[in-house]
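Single-structure report; data block below.
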Amino acid sequence: MKDRYDNIEDVYEAPNSPIKQGSRIRIEVVCSEPIDEISGEIVRDLLRLWTFPYNRKYIKPFKLEKYDLSEFSFEAILKILKKEEEIDELKLFCEDLLKFFNYDHIYISKWTVDVIS
Numbered sequence: 001m002k003d004r005y006d007n008i009e010d011v012y013e014a015p016n017s018p019i020k021q022g023s024r025i026r027i028e029v030v031c032s033e034p035i036d037e038i039s040g041e042i043v044r045d046l047l048r049l050w051t052f053p054y055n056r057k058y059i060k061p062f063k064l065e066k067y068d069l070s071e072f073s074f075e076a077i078l079k080i081l082k083k084e085e086e087i088d089e090l091k092l093f094c095e096d097l098l099k100f101f102n103y104d105h106i107y108i109s110k111w112t113v114d115v116i117s
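Structure follows, in structure tokens:
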């Protein structure tokens with residue numbers, strides 16, 4: 001059987017309204033398989049520490065404010081620290097998250113982002 005990999009275009013859904021510096025957003029991710037405790041801790045750390053390269057620097061675009069893990073999903077509240085106009089930082093994060101989960105044969109069945117303030 002060939003390994004399956006999620007396609008970012010099939011999973012990623014842009015936020016319900018524009019994101020700017022200082023915005024608070026809620027991310028909900030639902031997976032096809034249970035997320036074990038170790039994977040849940042890694043996801044929390046990814047949310048806390050994730051960066052991406054931009055103009056020869058690593059940018060930390062958001063700060064984790066709240067994280068809740070359940071058997072098949074997690075929800076996070078993030079505060080946007082830096083927002084680059086030409087980059088969709090959340091899409092880049094979603095791609096990295098897909099790679100992490102797909103490695104363990106866990107597939108994202110729902111990705112939702114809502115701007116809450």
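Anchor point for the sequence shown: position 52 equals 52 in full-length UniProt numbering, and the numbering is continuous, going up by one each time.
Cβ coordinates follow ideal geometry from the N, Cα and C atoms, glycine included.
Quick caveat, the model's predicted, so the values are computed rather than measured.
Next item on the list: Using three-state DSSP, classify residue 56 as helix, strand or coil.
Entry: coil
*For residue 98, I'd like the list of residues in its chain whose CB is within less than 7 Å of its CB, leaving aside the five on either flank, ordered along the chain.*
6, 8, 11 and 108
query = Is the segment 81 to 89 touching the segment 48 to 61 in the sense that three or more CB pairs, one from each, lie closer than 8 Å?
reply = Result yes; three or more Cβ-Cβ pairs closer than 8 Å.
Paired residues, beta bridge with residue 66 - DSSP: Answer is 77, bridged to residue 66.
Requested in this report: Confirm, please, whether the CB-CB distance from residue 74 to residue 43 is below 8 Å.
Outcome: yes
- Do the CB positions of residue 116 and residue 26 come within less than 8 Å of each other? yes
**OP:** Report yes if the C-beta distance between residue 37 and residue 105 is below 8 Å; otherwise report no.
**Re:** Taking 8 Å as the Cβ cut-off, residue 37 and residue 105 do not qualify as a contacting pair.
Item checked: Other residues of its chain near residue 21: CB distance less than 8 Å, five sequence neighbours each side excluded -> 80, 81, 82 and 83
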